[in-house]
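Counting from 1 along the sequence shown, just add 56 to a position and that's the residue number in my numbering.
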Amino acid sequence: MPDKSSEAIGIIGSGPIGQGLATLWAQAGYMVQLGARSPESARRVSVPPSVRVVSFEEAARHKVVVLAVKHSAAQDVVDRLAPLLKRAMVFDVMNAAGMREGQIVSALPEGRTEGQWMAEMLPDSVVVRAFSHIQEELLVSRAGKNLGVWAVGYATDALEERPRIESLLEATGYVPVFVGTLAESSLLDPGGSVFPHLFTAGDLQHLAAVHRLPRMLERFNAGDMSEVLHDKVQWSFPYGPTLGVQETFIGKEAVVDHLRRVRDSGVRISDIRTELETPHGAVVHAEGVFPTAQGPIASEIVSVVTMKGGLIGEVREYWDTAAIKG
């Protein structure tokens, strides 16, 4: 665990997020160095007296470093400081935000998360995605209210470092909630279901479970979904009777047996994706391939999924029955 009395945290970027994190960690007893781009930027800083305002380079010379610059400048800053960041734990709190049809979206290439992008630039560092979903004007004020209520989502590929990461996050006054690996962290990015909102720890844990639905449902093709189903799961096929399929199966054993028979018949699913994620569930889209007398038929599958205790609790699944019947 980090030693508050001897280890400094370096923060690169003296904007509102950088100053806010410097304030929270300084109040928790950590030595903090806040890196400012220029003397002019340094003069605008408002932080506790214990926080030293230094250059970017000096802030980067620590075992724990936060990257909090404007995203448009991030690549140049990281390229310049990469040699200093080797073997450091690097918290990426930045956002590549854009607008599309009046909605906030990630400005990174589709399918690429911010965490993955940073890890590619810093392959010798421990990259942690965190604080991206908390608005700058709420960062300090909410941390000091209702201690143990508000959560910060984080993602990393360095699973062995989770205890150390969570110790640092807890020191800010937020409850750390692990949402997955960097590849699974799109919910923390602009356009994701968590961005830009505050959640209680319970709601954020539920949202993280919902975000993992595609990975859960991929188990169908392997023939066994028992580990991701709630004991009292209910799986319905409202259009099933038109194809001679029972409409509803209740209980884990009945659902697992039915899904295994469906899989053994040759049905396969792919391209699983979610929309309208909430702490309670999501709408799931997938491409299905169904065996018919005329050969395999492709059809979109749309499911409304409700979660219970982090597991799949209820599913209402719809397909194009006319296409499948041929």
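We treat Cβ as the ideally placed atom computed from N, Cα and C, and that holds for glycine.
**For Leu263 and Glu333, the rounded distance between their alpha carbons** = As a first step, residue 333 must be located in the sequence shown, where it is residue number 277. As a first step, residue 263 must be located in the sequence shown, where it is residue number 207. When rounded, the distance between both Cα atoms is 7 Å.
**Request:** Have a look at Ser241, Thr348, Leu273 and Glu370 and flag the residue whose alpha-carbon is nearest the alpha-carbon of Gly307.
**Result:** Here residue 307 is taken as the residue at index 251 of the sequence shown, counted from 1. Among Ser241, Thr348, Leu273 and Glu370, the Cα nearest to that of Gly307 belongs to Glu370.
**Asked** Is Asp327 helix, strand or coil when you go by DSSP?
**Response** Locating residue 327 in the sequence shown gives position 271, counting from the first residue. Asp327 falls in the strand class under three-state DSSP.
**Prompt:** Where are the beta strand (DSSP E) runs, 3 residues long or more, that stay fully inside the segment 254-331, in chain order?
**Reply:** 285-292 and 304-306
**Message:** Beta-carbon within less than 6 Å of Val133's beta-carbon, same chain only, minus the 5 sequence neighbours each way: which residues are those?
**Reply:** Along the sequence shown, one-based indexing puts residue 133 at 77. Same-chain partners within the cutoff: Val125.
**Request:** Output the residue ranges of the beta strand (DSSP E) runs that lie fully inside the segment 192-255 and measure 3 residues or longer, sorted by chain position.
**Result:** 207-212 and 231-236
**Item:** Inter-residue Cα distance where the pair is Arg136 and Met174
**Value:** Your numbering for residue 136 matches position 80 in the sequence shown. Your numbering for residue 174 matches position 118 in the sequence shown. Going by the C-alpha atoms only, they are around 14 Å apart.
**Message:** For Leu203, count the other beta carbons within 10 Å of its own beta carbon; 16 or more makes it buried, fewer makes it exposed. Which is it?
**Reply:** If you number the sequence shown from 1, residue 203 lands on position 147. Leu203 is exposed by the Cβ-count criterion.
**Asked** Between the beta-carbon of Glu356 and the beta-carbon of Glu343, is there less than 8 Å?
**Response** Counted from its first residue, the sequence shown places residue 356 at position 300. Counted from its first residue, the sequence shown places residue 343 at position 287. The answer is yes: Cβ separation under 8 Å.
**Message:** Looking at the strands, I want to know which residues DSSP matches up with Leu367.
**Reply:** Residue 367 sits at position 311 when you count from the first residue of the sequence shown. Paired residues: Lys364.
**Prompt:** Whose C-beta lies closer than 8 Å to the C-beta of Arg275 among residues of the same chain, with five residues either side of it excluded?
**Reply:** Here the question's residue 275 lines up with position 219 in the sequence shown. The residues are Met281, Glu283 and Val284.
**Request:** Check whether the Cβ atoms of Ala152 and Glu170 sit closer than 8 Å, and answer yes or no.
**Result:** Locating residue 152 in the sequence shown gives position 96, where the first residue counts as 1. Locating residue 170 in the sequence shown gives position 114, where the first residue counts as 1. Against a cut-off of 8 Å, the Cβ pair of Glu170 and Ala152 comes out as a contact.
**Request:** Pick helix, strand or coil for His189, following the three-state DSSP scheme.
**Result:** Along the sequence shown, read from residue 1 onward, the residue named residue 189 stands at position 133. Of the three classes helix, strand and coil, the one that applies to His189 here is coil, per DSSP.
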